[in-house]
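For the sequence shown, counting from 1, position 296 maps to 296 in the UniProt record's numbering; every step adds exactly one. Even glycine gets a Cβ: it sits at the ideal position worked out from N, Cα and C. To start, the structure under review is shown below, and the notes come after it.
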Amino acid sequence: MVNKDSVFRLASCTKIVTVLCALILVSQFQLSLDDPEVVERVLSELWTLDIITEKGEEQKEGNVREKAVPRARINVQNKTKGQDSTTYQSNAMDQNNTTDRSNTTSQNNIEVHSLSTKPNHTTPQPTTSVPFLSAPSRPKSPKSAPPFLLKNRTNPITLRHLLTHTSGVGYDILSPLLKAWRHGRDEIPCALTAPLLKAIATSLVFEPGEGWGYGAGLDWVGILVGRVSGLSLQNFIATYILTPLGIPKNSIGFHKDSLQGPIVPTALRSEFLVPYVDPGVQAGAERDERGGGGLYASPDSFIRILHDLIREEPVLLPPDLRDMLFAPELPEGSAPLQALRESPLLRPYIKQMGLEPEALNHSLGGIYITQDCEDIKYSAEGKGFKAIEGLKGTVMWDGAFNCRWIANREKGVVGVYASSLLPVNDEVSQEVMGAWVREVLERAGRMRGEGK
């Protein structure tokens with residue numbers, strides 16, 4: 001029997017907890033939102049990453065910092081004794097290769113050694129393939145991968161960039177360029193299954209601050225929190241979030257064996273609801289305590305964290321930092337805001353709530369709704385959906401298992417929609433979540449004497 005004490009996998013709803021961890025360190029003057037020095041000093045693996053761009057992009061205005069990456073004949077060698085080397089054409093260069101790069105511009109033959117042996121094929125497979133969460137297959141021939149170039153990054157990376165998905169950090173399971181980058185290294189996309197640094201230390205997909213793209217920024221923030229504080233992310237959450245709020249430590253965490261309460265199993269909707277077999281996604285998140293996704297929590301404990309965000313005098317953050325969770329971060333007319341509004345990942349928000357893309361922005365905490373329904377038109381994407389009243393000022397985020405949190409400080413309401421169902425963006429779940437948001441906000445409005 002599922003109840004408020006049942007434990008759910010939060011997936012990307014984990015991100016708001018990691019955001020709070022980082023902002024707590026900002027309030028303690030151990031981190032800065034806009035000083036890149038701490039990122040350079042603490043996250044050296046991130047600071048040294050190249051930028052990947054599709055071949056031909058270097059000819060566009062402003063893109064003149066191309067790194068010399070010739071079309072190379074790469075000899076990929078596994079270290080397993082007795083295996084033959086495989087040779088193929090690629091534009092890829094192993095950015096972790098120890099070869100002196102100063103000599104590569106005049107060479108047409110670059111030997112790159114694979115960082116790993118062939119993937120283990122014994123990983124359990126899901127009952128039915130689920131995008132983003134199924135075990136990856138061997139890459140197709142790198143000859144079919146789109147050609148790309150690598151160039152040096154010139155813009156600094158800040159904590160604010162990482163919190164708002166404007167850092168250029170991507171997910172190799174979503175980005176065609178990063179899939180090609182993996183193929184060029186004879187690797188498979190592994191953002192959700194590999195050990196953390198291997199999973200997220202890919203090339204950036206744009207200059208920091210010059211675009212918007214959903215990626216592993218909050219995973220990097222989780223590492224940052226751990227290295228600066230000297231605590232594991234789990235222990236930081238327990239010390240600086242759960243204890244001050246009086247939340248039991250065994251009701252939220254990365255390690256399911258330490259949690260009290262029944263863990264809700266994940267189901268997969270195909271023709272019927274069937275059990276889902278995890279291909280190692282959650283095991284990796286538990287092992288690495290990933291800030292971008294991996295927490296387990298009971299709805300009751302999670303909503304108590306969110307409730308602190310709307311208090312007049314919050315416990316976790318000073319009011320000025322808390323208020324930044326309820327304010328748009330991306331300037332109107334900016335390239336990052338345009339990229340966010342054009343992102344296909346946000347179409348479910350538009351469709352469910354009858355929004356125009358112009359109503360979307362991003363705060364430090366998640367997607368931020370800037371306009372009420374009377375200020376916007378019904379969206380063509382939202383045909384068949386009635387626009388939801390009272391959305392202005394709402395910040396929200398979803399998790400892969402069709403779960404969602406929302407918070408609206410002006411209306412004094414927070415909510416958690418807990419689910420453990422796949423596939424991602426399940427159509428039935430999306431419709432129900434939209435109706436749930438409507439009910440929560442309209443009920444809050446009625447309690448405040450607004451609307452009907």
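- Message: For a cutoff of 8 Å on Cβ pairs, would you count Ala359 as touching chain D?
- Response: Looking for chain D here will not work: only one protein chain is present.
- Query: Start and end of the beta strand (DSSP E) containing Met396?
  - Reply: 394-399
- Query: When burial is assigned at 16 or more other CB atoms within 10 Å of the CB, is Val7 buried or exposed?
  - Reply: buried
- Query: Smallest Cα separation from His165: which of Lys151, Glu45, Val221, Glu431?
  - Reply: Of Lys151, Glu45, Val221, Glu431, the residue nearest in Cα terms is Val221.
- Message: Distance check for Thr48 and Leu441, CA to CA, integer angstroms please.
- Response: 44 Å
- Message: Please return the same chain residues whose Cβ sits closer than 8 Å to the Cβ of Leu20, not counting the five positions on each side in sequence.
- Response: Ile241, Ile305, Leu316, Leu317
- Query: So, using beta-carbon positions, are Val38 and Leu46 closer together than 8 Å?
  - Reply: no
- Please work out which residues of its chain come closer than 7 Å, Cβ to Cβ, to Leu345, disregarding the five sequence neighbours upstream and downstream, and give them in chain order. Here the set comprises Tyr214.
- Under a three-way DSSP split, which group does Asn250 fall into? DSSP, reduced to helix, strand and coil, places Asn250 within a helical segment of the structure shown.
- Message: Taking the beta strand (DSSP E) that Phe302 belongs to, which residues open and close that run?
- Response: No beta strand (DSSP E) contains Phe302, which is instead part of the alpha helix (DSSP H) from 299-307.
- Since Pro314 and Arg322 are thought to touch, with beta carbons under 8 Å apart, how far apart are those beta carbons, to the nearest angstrom? 5 Å
- Task: With Cys21 as the anchor, note down where its alpha helix (DSSP H) starts and where it stops.
- Result: 15-27
- Do the stretch 10-17 and the stretch 257-271 make contact, defined as three or more Cβ pairs closer than 8 Å? no
- Message: Do Asn402 and Asp372 count as a contact pair if the criterion is CB distance below 8 Å?
- Response: no
- Skipping 5 residues on each side, what residues in its chain have a beta carbon closer than 6 Å to that of Ser301? Ile247, Ser251, Ile252
- Item | C-alpha distance - Ser363 paired with Leu325, whole-angstrom precision | 5 Å
- In angstroms, rounded to a whole number, what distance separates the CA positions of Ser298 and Ile406? C-alpha separation (whole angstroms): 16 Å.
- Message: Rounded to whole angstroms, what is the Cα-Cα separation between Arg404 and Ile310?
- Response: So the two alpha carbons sit approximately 17 Å from each other.
- Run through DSSP, which three-state label would Phe236 get? Residue state, collapsed to three classes: helix.
- Among all the DSSP beta bridges, which residues are the ones paired with Glu54? Among the bridge pairs identified by DSSP, Glu54 is matched with Phe148.
- Outcome for Arg446 when other beta-carbon atoms lying within 10 angstroms are tallied against a minimum of 16: exposed
- Three-state secondary structure (DSSP) at Tyr417? Of the three classes helix, strand and coil, the one that applies to Tyr417 here is strand, per DSSP.
- Query: What is the C-beta distance between Ile52 and Leu178, in whole angstroms, given that I count them as a contact (C-beta under 8 Å)?
  - Reply: 7 Å
- Helix, strand or coil for Trp405, going by three-state DSSP, please let me know. strand
- Message: Considering just the uninterrupted stretch of the alpha helix (DSSP H) at Ile350, what are its terminal residues?
- Response: 347-353
- Task: Between the Cα of Asp308 and those of Asn408, Ile200, Tyr171, spot the shortest distance and give me the residue it belongs to.
- Result: Asn408
- Message: Taking 8 Å as the threshold (C-beta atoms), are Val169 and Ser211 in contact?
- Response: First, the amino acid is wrong: residue 211 is Gly here, not Ser. Cβ atoms of Gly211 and Val169: not closer than 8 Å.
- Item | DSSP beta-bridge partners of Tyr296 | Arg9, Gly253
- Task: Determine the contact status of Ile173 and Ala194, defining contact as a CB-CB distance below 8 Å.
- Result: In this structure, Ile173 keeps its C-beta atom at 8 Å or more from the C-beta atom of Ala194.
- Task: Keeping to the same chain, check which residues put their C-beta closer than 7 Å to that of Leu391; ignore five residues upstream and five downstream.
- Result: Met353, Ile369, Asp372, Cys373, Leu441
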